[in-house]
Every structure is written in structure tokens, then in C-alpha cells.
Amino acid sequence: MKFDVLDIGQKGWSEALNRISPGNSDINFLPDWYKTWQDFEQASPKCIVAEIEEFLFVYPFFIKPIEGYCLDKTYYDIQTAYGYGGVITNLTKLPDSVVQKFNRNVNNWLFENGVVAEFIREHPLLNHCRRDATYQKVRKNVYIETSRDYRIPDKKARQNVSKIRKNPDISVQIDTDMNQLDEFVRLYNLNTVRLNMGSYYHFPTDYFTKVRDLLGKNARLINILYQDKIINTNLFFFFGNKGTMHLAGSDHDYQALRGNDLMYFSAIELSKNMGLEILTIGGGITDNDDDSLFRFKSKFSDLHKDVMVGKKIINPAIYENLISQWTEKYPEITAKYQNFFLKYRQTV
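Its first residue numbered 40, the sequence shown is counted upward by one per residue in my numbering.
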């Protein structure tokens with residue numbers, strides 16, 4: 040068995056991904072994906088690359104020291120980057136014994152290197168190999184099989200798109216060079232404020248610049264224009280056979296024009312034209328089927344995938360110590376973050 044833990048600058052990370060078919064991978068596993076989030080997360084990207092017989096495993100994550108508590112030495116936790124992650128493999132059918140051997144080796148490395156806990160944002164379309172963690176459903180994603188003959192299933196949404204496409208003042212712009220990035224950032228930030236999204240989702244401009252510089256060949260901006268003004272915009276990623284609507288922004292003053300409907304339809308059309316097979320358009324803010332965002336997205340498809348997160352305590356004694364110290368140190372926020380797995384990272 041081969042087992043390596045690579046830093047982001049080591050070519051073995053990319054070389055391992057090149058040995059996995061694009062259909063078994065996605066943009067979220069690239070070193071450059073982790074580079075775009077590195078400053079925001081203030082953590083170090085690493086990637087486990089393991090080989091057992093003919094099976095290749097790739098598992099990227101961030102590792103971050105745990106600070107602000109009285110501990111006997113420096114401890115860490117790990118988590119996958121924003122978006123999706125987990126373990127990917129070159130083959131999708133793996134014997135249980137091989138997966139168990141991989142997980143044992145990962146667990147040993149994590150414990151020996153002072154890791155206390157592990158948090159995994161699992162890729163809904165790439166979940167054939169899991170860590171031996173406890174998994175919890177957090178929401179459902181809507182996805183579309185764009186390789187098939189597609190028709191918007193919801194009659195009203197279909198009519199909205201048909202109507203807006205006939206409007207001579209409305210046009211669709213596929214910004215292949217992301218020249219309108221500044222306007223995208225402005226509209227995205229308007230959304231975060233209007234929807235009262237948490238501070239975690241207020242990404243710095245530097246993040247978006249890195250996306251353009253590092254991931255630009257796998258990214259597009261889908262812009263909906265009213266006359267010459269962008270009123271809706273989406274950051275669209277593609278890799279292998281998959282497309283993803285990542286983040287979006289809109290000018291709420293133009294909501295009545297239904298540009299959002301056209302933006303989603305345009306992402307579907309772009310995916311079809313690029314020969315992609317699957318487009319993920321995301322889910323709601325909650326796991327509730329009545330979630331308004333989920334219901335809107337479901338107008339474009341009735342195909343859903345559960346979005347799961349994995350949680351694993353590597354060092355129970357230190358984890359419980361951290362929770363105890365955190366509860367004593369921040370009593371005013373314990374109720375608010377009680378269900379957070381890495382709750383000791385929440386401060387006032």
C-alpha cells in the first residue's frame with residue numbers, strides 16, 4: 040500500500056487526479072480550488088493520495104490549528120473546502136475491505152498528527168467511497184440531466200422564460216473571460232445583505248479574483264442584461280461531464296422581469312451546448328421541502344440528490360475538553376451554536 044499526505048505545492052496531487060477520469064472527479068478536488076479558499080479559511084491545504092491494489096484514493100482537505108484553549112500541545116481539525124469534497128477514487132466499485140483499510144490508515148495518520156475532528160462536505164454525485172464518519176443530511180440539491188431532451192417541467196416557469204426571451208430589451212451574455220467580475224461581486228454582495236446571509240458568506244473580493252486567475256478556464260459568468268445593465272448573474276463552473284451553478288447575484292429592482300428564470304434556463308442551455316451531462320443548480324437554505332429557494336429551483340427539475348455532511352471525532356478526549364472549555368468561555372453563544380460540530384471555533 041502507498042499512502043502519502045501532500046502539500047498543495049507537490050505535483051503528486053495533480054498527478055493523482057489526472058489518473059482519475061473526469062466523470063469520477065470535479066473542480067472541487069483541484070489544488071487550484073483549494074488555493075482560492077486558502078486565505079479565506081486561514082488553513083493549510085493537504086491531500087491524501089493512497090493506493091491499495093488497483094484502487095487509487097484522493098482526499099483533499101484543509102488542516103487548521105486549534106487556538107485559544109488550554110491544551111497540552113497544538114491540535115488541529117480538518118475539513119473539506121467550501122462547496123463539495125470527500126474521497127474520490129479511480130474505480131467506483133470498491134470492496135469493503137479495501138475501503139476499510141484506507142479509512143484505518145487515514146484515521147491513524149490523523150490521530151498521530153494531532154487532528155481532533157474531521158468535517159466533510161460530501162459531493163452528492165461522488166459518494167461511492169465514504170470516510171467512516173457519521174453522515175447527516177443537510178438539504179437536497181436539484182440537478183438536471185442536460186444530455187437528455189430537456190423541457191422545463193413547471194408550466195409557469197416555462198411561460199416566464201418564453202416571455203422574457205421575447206423581450207427585445209433582455210439579452211443573455213456568456214462572459215467567458217469573466218470581464219464583468221466586478222459587477223458580479225457587487226450584485227452578489229447585494230444579495231448577501233438583502234437575504235441577511237451570515238458573515239461567512241460575505242466573501243472578500245480577493246476570493247473572486249483568485250477564481251478568475253486560477254479557475255478561469257473552468258468558469259463562466261452567465262449574465263442577464265436589461266438593455267446594457269446586468270440584472271442577474273451567476274458564477275458557473277464546469278469540469279468533466281458536470282456543471283455547477285456556484286454563486287449568484289441579482290438587482291432586486293428588476294425582479295419583476297423574471298431574469299432569474301432566464302439565468303437558470305441559460306445555465307441549462309450552456310451545459311447542453313458544452314456537452315455536459317449533469318448540471319447541479321443547488322438547493323434551498325434549509326432541508327425543508329417548503330423552502331422557497333428549493334421550490335423555485337425545483338421548477339426546473341424534479342431530480343434531487345441528498346446533500347450530506349460527515350462528522351468524525353478523531354480524539355474524543357481532546358474534543359470533549361475543547362467543548363467543555365468553549366462552553367465555559369462563551370456561555371452567551373452556546374445555545375446558538377449547540378448543533379455545530381466544530382462549535383469550539385465559534386467566538387464572540
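Positions of the beta carbon are idealized from the N, C-alpha and C atoms, including for glycine.
Check your understanding: Around the C-beta of Ile353, are 16 or more other C-beta atoms found within 10 angstroms, so that it is buried, or is it exposed?
Key -> So Ile353 counts as buried.
Q) When DSSP builds the beta bridges, which residues end up paired with Met217? A) DSSP, once it has assigned bridges, lists no residue as partnering Met217.
- prompt: Name the DSSP beta bridge partners of Asp43, please?
  reply: Val88
Report task. Please name the residue or residues paired with Ala287 in a DSSP beta bridge. Result -> Asn273
Which term fits Gln266, buried or exposed, when burial requires 16 or more other beta carbons within 10 angstroms of its beta carbon? exposed
Worksheet item: Between Phe277 and the rest of its own chain, which residues show a CB-CB distance below 7 Å, the 5 nearest in sequence each way excluded?
Response: Asn257, Met313 and Leu315
For this session: Assess, as a yes-or-no matter, whether the stretch 121-129 is touched by the stretch 321-328 under the definition of 3 or more beta carbon pairs within less than 8 Å.
Result: no
> Taking buried to mean at least 16 other C-beta atoms within 10 Å of its own C-beta, is His162 buried or exposed?
Replying inline: buried
Apply the 10 Å Cβ neighbour rule to Lys205 and answer buried if 16 or more other Cβ atoms are within range, or exposed otherwise.
exposed
Within this structure, are the beta carbons of Phe141 and Ala196 separated by less than 7 Å? no
Legend entry - Strand pairing of Leu260, partner residues [DSSP]: Asp214 and Leu274
| query | Which full runs of the beta strand (DSSP E) of 3+ residues lie inside the stretch 286-369, going along the chain? | reply | 317-322 and 342-352
field: Continuous alpha helix (DSSP H) stretch holding Leu253: start and end
entry: Thr244 to Leu254
| What distance in whole Å lies between the Cβ atoms of Ile203 and Leu309, which are believed to be in contact at a cut-off of 8 Å? | Between Ile203 and Leu309 the Cβ distance is about 16 Å, and since that is not below 8 Å, they are no contact.
Bounding residues of the alpha helix (DSSP H) (the contiguous stretch that carries Thr75): Pro70 to Glu80
By the three-class DSSP mapping on this structure, what secondary structure does Ala156 have? strand
Using alpha carbons as the reference points, say which of Val137, Ile159, Phe96 and Ile105 lies closest to Tyr123. Ile159
Give the DSSP-derived three-state secondary structure of Thr131 in the structure shown. In the structure shown, Thr131 sits in coil (DSSP, three-state: anything other than H, G, I, E or B).
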